[in-house]
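>
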């Protein structure tokens with residue numbers, strides 16, 4: 001039995017079928033790059049079909065990416081009945097997608113053959129075999145997904161096995177057993193794999209869903225019985241209750257089963273990936289998620305914490321750092337402090353934590369976090385804040401006031417922003433238009449600033465996200481705005497929080513432009529005497 | 001092997017150790033009543049100890065409740081070293097709590113005996129045995145929780161077994177094997193239970209945590225090997241990643257293993273219980289939760305939906321109603337015409353799908369989805385849209401124009417909205433203030449409408465969500481606003497999309513208020529002749 005288990009990620013296909021998830025082509029490309037970066041072996045990009053222009057565009061663009069690790073797979077089904085494979089539209093579109101790997105699913109369950117496809121049982125076997133064979137003859141790596149395999153096997157073991165044998169006969173590179181409805185128990189996976197494996201020569205993979213809370217368990221049981229490919233999604237996103245969560249499966253493979261998948265170095269990036277994907281999906285990150293959740297190594301019970309201090313293995317099954325996570329003690333005031341100090345050390349190394357100014361900064365950060373700020377995804381705002389408290393940055397301008405006006409009639413909408421700021425002795429009074437009030441404000445502010453700070457012309461706003469906090473307060477809820485900006489060399493993130501979306505955006509926008517000036521060395525300043533020497 | 005598996009709920013003890021959960025005594029009592037009502041066999045109420053007055057008060061009050069099904073358990077540890085049981089403060093407080101059942105945990109893992117308790121291995125065996133014996137001699141049912149049993153067994157199988165034999169010797173009614181750190185794999189549970197069970201005469205229970213995503217799986221494996229008590233929590237709440245989720249365990253026992261636990265009638269109340277506990281915990285209900293999540297039987301993929309219509313068992317592993325849940329078809333770009341028609345049928349039953357007006361509506365929906373609308377979470381907007389195309393709704397007002405003005409100075413922020421609308425022949429011109437422009441607009445619009453439609457005063461905005469689409473366009477990105485509203489009887493959701501967050505909010509807001517008037521029968525109208533007759 002090989003020790004290598006290949007990871008087949010379906011976040012972009014099965015994951016996008018989750019309620020509340022809708023990825024743009026840009027979102028999918030960003031995720032694909034991160035999946036490749038962490039060493040995922042296969043990325044299932046979607047189902048290329050003529051009625052889905054988004055997925056077609058994705059395949060055109062993803063094939064231009066210089067991936068280091070991942071092979072991209074297009075997903076579809078076996079051919080339609082009565083079509084010869086070479087004339088079949090589904091197989092034709094799959095080939096046209098141009099990927100190295102093609103994954104097709106076929107029916108294993110007699111119920112589905114007779115009631116959904118409405119064809120003869122033998123015909124289903126034929127179309128599985130010749131669909132696979134046709135894709136193989138076109139030089140593709142072919143993954144065969146046996147849909148509803150476990151339910152099909154329970155209903156008619158012989159027929160379910162025959163479908164696998166047909167795919168094997170057609171030349172499939174791997175046969176993936178799917179628990180499509182997610183209702184299979186681990187002991188059933190064990191029994192069925194033990195019966196099926198000896199009858200096949202092609203290696204097996206596993207694809208599970210979590211409808212009975214068994215997605216991860218069934219995957220692991222299958223690997224213990226010899227499966228060499230696992231299919232799943234980041235954060236377990238997927239139709240209904242989701243797919244096997246790769247953020248649990250991968251650490252279990254590496255740390256519990258001692259299998260090889262991403263390797264220990266890449267594994268350390270898993271939590272970061274998990275958070276990244278939830279950000280792109282605009283879903284809040286599941287804090288209770290095994291391994292990569294913020295609470296996964298958080299201790300609250302007093303007994304647990306006492307024991308943890310005596311013996312770290314007491315209440316943690318692995319070292320949290322192996323997956324990029326960290327232990328936290330929830331009741332201890334120090335725990336918050338330690339995290340912030342660790343973050344500060346990254347931005348301004350060598351600070352003495354006991355200095356009163358640093359203590360003042362810790363207080364300020366705690367207060368802002370309480371108000372809804374998160375600095376994890378906004379390190380530029382964090383550095384600006386730290387430097388303000390430490391006195392090593394000067395404000396690029398003084399705000400006198402701004403105003404946004406949004407006029408709507410049945411015929412059109414007019415949006416204006418007026419900004420009045422002072423730089424040195426000079427007052428700048430500008431007006432901008434835009435698609436919305438924040439866009440107009442962005443235009444007006446830049447108009448004022450760029451005459452003094454021409455390098456701001458290099459700043460592009462790459463991303464703009466709004467999250468409603470305490471959303472139960474209706475339209476009076478607090479909002480958090482995250483802005484991602486870049487110039488030609490760097491990318492940075494800033495944050496603003498307010499009950500007013502325009503004001504939250506303004507805060508994040510001013511931080512973004514200030515950070516650019518900080519990077520360019522334009523608004524740094526010596527720290528006040530006495531603080532500087534004792535801080536470093 | 002008996003078919004009855006008893007459910008031991010630890011939501012009030014282990015569950016309250018979850019990050020973000022803090023139950024008051026009233027909260028705990030409310031939950032306990034609901035647990036009894038659904039037929040839970042044991043309710044672990046907490047750890048009565050003099051430093052925890054909340055738990056002491058709870059035990060005093062819970063014992064006055066006329067429970068029909070549940071026995072209440074007090075939780076604590078074995079006695080301290082050197083104390084004779086009759087003088088031990090821990091055991092004394094447990095007895096004083098007055099419960100029929102007492103659960104004590106003891107150490108199974110040599111590491112914990114030597115490094116945490118810091119006593120001799122034999123002394124630990126002695127104090128397990130005489131702690132249990134003392135509680136038994138006081139007439140209690142005694143549950144012995146073998147903490148860290150699986151880790152302890154892996155480190156030293158003989159010693160771990162000896163701790164169980166000591167508890168058995170002391171007279172324990174049941175020995176519960178705990179995977180305290182939650183890192184054990186199902187195959188390990190299988191091996192260890194197979195070795196341990198034949199050596200014991202007292203029945204076994206299982207208590208697992210979810211740190212490797214195996215909480216539910218390990219519980220089920222243990223039951224398959226003979227465990228007759230399962231410990232867990234509602235929604236899986238608990239320290240770190242939580243405990244075995246009883247909302248997954250119980251349906252698996254009843255529907256997959258054909259065990260007896262709550263019985264089919266009580267099982268139908270499970271989703272309601274799950275939502276109730278998340279409400280009391282003030283945590284949002286996990287939509288993706290197996291069995292009882294809102295998404296657990298929600299279908300989005302077009303292929304799935306087509307098949308579901310032909311054959312309901314196609315993509316659901318159980319009948320959703322068995323746990324009080326229901327099937328749902330989500331609208332999305334992935335769903336074909338069939339989904340929209342199924343959805344339309346719910347809202348406006350009996351439509352003929354081939355009618356040109358229905359075809360026009362399908363086109364309209366697809367176009368809006370392309371622009372960024374999602375109707376899966378906004379059924380009220382969907383119904384309003386359908387009725388507009390079909391001509392069975394009239395607009396409650398005509399917009400002449402609105403304006404929002406947001407003024408910011410270093411000292412303060414001022415937000416105003418001015419709305420001008422016409423109802424019948426009358427023009428209404430109102431102004432409102434607010435925390436932000438949308439909040440101000442909400443106030444101004446209601447001011448204008450409520451004089452004509454007083455029932456709008458009943459509308460509360462419950463939730464307000466903003467999602468940035470194509471966020472790479474920076475502050476010119478499109479945004480989608482989702483609003484959840486309610487009156488005293490119903491909850492509904494509406495959606496708006498625009499590059500301008502104010503305009504997107506306006507669209508969703510107007511839909512929300514219109515839907516209330518639709519519910520009240522105020523703006524429905526007969527459909528134009530010719531359409532009506534041929535549509536029904």
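Chains as they are written, first to last, in our numbering: chain A, 1 to 536; chain B, 1 to 536. From the three backbone atoms N, C-alpha and C, an ideal C-beta is built for every residue, glycine too.
(1) Ordered along the chain, which non-local residues of its own chain (more than five positions away) have a Cβ less than 7 Å from that of residue 161(B)?
(2) Return no unless some Cβ of chain A is closer than 8 Å to the Cβ of residue 493(B).
(3) Just the chain A side, please: which residues come within less than 9 Å of residue 408(B) by C-beta, in chain order?
(4) Can you tell me the Cβ-Cβ gap for residue 73(B) and residue 110(B), rounded? I've got them flagged as a contact below 8 Å.
(5) For residue 481(B), which residues from the same chain have a beta carbon less than 6 Å from its beta carbon, with the 5 sequence-adjacent residues on both sides left out?
(6) Short of 8 Å in beta carbon distance, which residues of its chain neighbour residue 544(A), apart from the five on each side in sequence? Order them along the chain.
(7) Would residue 222(A) and residue 175(A) qualify as a contact pair, given that the criterion is a beta-carbon distance under 8 Å?
(8) Quick one: any contact between the region 402 to 422 of chain A and the region 421 to 432 of chain B, if contact means 3 or more CB pairs under 8 Å?
(9) Whole alpha helix (DSSP H) runs in the region 52 to 94 of chain A with 4 or more residues, listed along the chain?
(10) Could you give the distance in angstroms between the alpha-carbon of residue 171(A) and the alpha-carbon of residue 104(B)?
(11) CA-CA distance, residue 15(A) and residue 70(B)?
(12) Checking contacts by CB at 8 Å: is residue 181(B) closer than that to chain A?
(13) How many Å lie between residue 165(A) and residue 159(A) at the Cα?
(14) Could you pull out every unbroken beta strand (DSSP E) segment of at least 3 residues lying fully inside the region 204 to 240 of chain B, listed in chain order?
(15) What are the start and end residues of the alpha helix (DSSP H) that includes residue 348(A)?
(16) In chain A, what lies closer than 7 Å to residue 477(B) by C-beta?
(17) Taking just the CA atoms, how far does residue 148(B) sit from residue 379(B)?
(18) Scan the region 210 to 221 of chain B for residues whose Cβ lies nearer than 9 Å to a Cβ of chain A and list them as they occur along the chain.
(19) Nearest chain B C-beta to residue 70(A) closer than 8 Å, yes or no?
(20) Closest to residue 324(A) by CA distance: which of 355(A), 273(A) and 385(A) is it?
(21) Would you check if the distance between the CB atom of residue 183(B) and the CB atom of residue 212(B) is smaller than 8 Å?
(22) Let me make sure I understand the geometry here. Which of 356(B), 399(B) and 375(B) has the alpha-carbon closest to that of residue 389(B)?
(23) Does residue 261(A) get closer than 8 Å to chain B when you measure Cβ to Cβ?
(24) Would DSSP call residue 464(B) helix, strand or coil?
(25) Looking at the structure shown, is residue 439(A) part of a helix, part of a strand, or coil, going by DSSP?
(26) Using a Cβ cut-off of 9 Å, pull out every chain A residue sitting near residue 289(B), in sequence order please.
(27) Less than 8 Å between the beta carbons of residue 7(A) and residue 246(A), yes or no?
(28) Could you give the C-beta distance for residue 381(A) and residue 524(A), rounded to a whole number, given that I count them as a contact under 8 Å?
(29) Check distances from the C-beta atoms of the region 114 to 140 of chain A to those of chain B and list, in chain order, the residues that come in under 9 Å.
(30) Mapping DSSP to helix, strand and coil, what is residue 499(B)?
(31) Just mark residue 181(A) as buried or exposed, buried being the case when its beta carbon has 16 or more other beta carbons within 10 Å.
(32) Are residue 117(A) and residue 107(A) closer than 8 Å when you measure CB to CB?
(33) Count the other C-beta atoms from every protein chain shown that fall within 10 angstroms of the C-beta of residue 484(A), then say buried if there are 16 or more, exposed otherwise.
(34) Looking at chain A, is there any beta carbon in it that lies within less than 8 Å of the beta carbon of residue 275(B)?
(35) Considering only C-alpha positions, which residue in the set 395(A), 383(A) and 434(A) is nearest to residue 404(A)?
(36) Taking the beta carbon of residue 89(A) as the centre, do at least 16 other beta carbons fall within 10 Å, making it buried, or is it exposed?
Taking the structure as given:
(1) Along the second chain, read from residue 1 onward, the residue named residue 161(B) stands at position 161. Here the set comprises 196 and 199.
(2) If you number the second chain from 1, residue 493(B) lands on position 493. It does not; no Cβ of chain A falls within 8 Å.
(3) Mapped onto the second chain, residue 408(B) falls at position 408. Per Cβ cutoff of 9 Å: 399, 401, 402, 403, 404, 500, 502, 503 and 506.
(4) The count along the second chain starts at 1 and reaches residue 73(B) at position 73. The count along the second chain starts at 1 and reaches residue 110(B) at position 110. Going by Cβ atoms, the distance from residue 73(B) to residue 110(B) rounds to 28 Å, so no, they are not a contact pair.
(5) For the purposes of this step, residue 481(B) is taken as residue 481 along the second chain, with counting starting at 1. Excluding positions up to five away in sequence, the list reads 466, 496, 504, 505 and 508.
(6) Any answer about residue 544(A) is impossible in this case: the structure gives chain A only from 1 up to 536.
(7) Start at 1 with the first residue of the first chain, and residue 222(A) comes out as number 222. Start at 1 with the first residue of the first chain, and residue 175(A) comes out as number 175. Contact: no.
(8) no
(9) 53 to 62
(10) To locate residue 171(A), count along the first chain from 1; it is residue 171. To locate residue 104(B), count along the second chain from 1; it is residue 104. Whole-angstrom Cα-Cα distance: 59 Å.
(11) Start at 1 with the first residue of the first chain, and residue 15(A) comes out as number 15. Start at 1 with the first residue of the second chain, and residue 70(B) comes out as number 70. Distance between the alpha carbons of residue 15(A) and residue 70(B) is about 41 Å.
(12) Numbered from its first residue, the second chain carries residue 181(B) at position 181. Residue 181(B) counts as touching chain A.
(13) Your numbering for residue 165(A) matches position 165 in the first chain. Your numbering for residue 159(A) matches position 159 in the first chain. Distance between the alpha carbons of residue 165(A) and residue 159(A): 10 Å.
(14) 204 to 208 and 229 to 232
(15) Taking the first chain and counting its residues from 1, the one referred to as residue 348(A) is at position 348. Element bounds for residue 348(A): n/a, residue is neither H nor E.
(16) Against the second chain, residue 477(B) aligns to sequence position 477. In chain order: 464.
(17) Position 379 of the second chain, counting from 1, holds the residue named residue 379(B). Position 148 of the second chain, counting from 1, holds the residue named residue 148(B). About 49 Å.
(18) 210, 211, 212, 213, 214, 215, 216, 217, 218, 220 and 221
(19) The residue you call residue 70(A) lines up with position 70 of the first chain. Chain B contact via Cβ: absent.
(20) As a first step, residue 324(A) is located in the first chain; it is residue number 324 there, counting from the start. Among 355(A), 273(A) and 385(A), the Cα nearest to that of residue 324(A) is on 273(A).
(21) Position 183 of the second chain, counted from the first residue, corresponds to residue 183(B). Position 212 of the second chain, counted from the first residue, corresponds to residue 212(B). In this structure, residue 212(B) lies closer than 8 Å to residue 183(B) by Cβ.
(22) One-based indexing of the second chain puts residue 389(B) at position 389. Closest by alpha carbon: 356(B).
(23) The residue you call residue 261(A) lines up with position 261 of the first chain. No, residue 261(A) lies away from the interface with chain B (no Cβ there is under 8 Å from its Cβ).
(24) Counting from one through the second chain, the residue named residue 464(B) turns up at place 464. If DSSP states are grouped into helix, strand and coil, residue 464(B) belongs with the strands.
(25) As a first step, residue 439(A) must be located in the first chain, where it is residue number 439. Looking at residue 439(A) - three-state DSSP - the assignment turns out to be helix.
(26) Your numbering for residue 289(B) matches position 289 in the second chain. Within chain A, the residues near residue 289(B) are 213 and 241.
(27) Against the first chain, residue 7(A) aligns to sequence position 7. Against the first chain, residue 246(A) aligns to sequence position 246. It is a contact, given that the beta carbons lie within the stated cut-off.
(28) Along the first chain, read from residue 1 onward, the residue named residue 381(A) stands at position 381. Along the first chain, read from residue 1 onward, the residue named residue 524(A) stands at position 524. Wrong, their Cβ atoms sit about 16 Å apart, outside the cutoff.
(29) 115, 116 and 118
(30) If you number the second chain from 1, residue 499(B) lands on position 499. Residue 499(B): coil per DSSP, three-state reduction.
(31) Here residue 181(A) refers to the residue found at position 181 when the first chain is read from its first residue. Buried, by the Cβ-count rule.
(32) What you label residue 117(A) is simply residue 117 of the first chain in a count that begins at 1. What you label residue 107(A) is simply residue 107 of the first chain in a count that begins at 1. For residue 117(A) and residue 107(A), yes; Cβs fall inside 8 Å.
(33) Counting from one through the first chain, the residue named residue 484(A) turns up at place 484. Buried is the call here.
(34) In the second chain, the residue the question calls residue 275(B) occupies position 275. It does not: the Cβ of residue 275(B) has no partner Cβ on chain A nearer than 8 Å.
(35) Your numbering for residue 404(A) matches position 404 in the first chain. Taking only the C-alpha atoms, the option nearest residue 404(A) is 434(A).
(36) Within the first chain, the letter at position 89 stands for residue 89(A). So residue 89(A) ends up on the exposed side.
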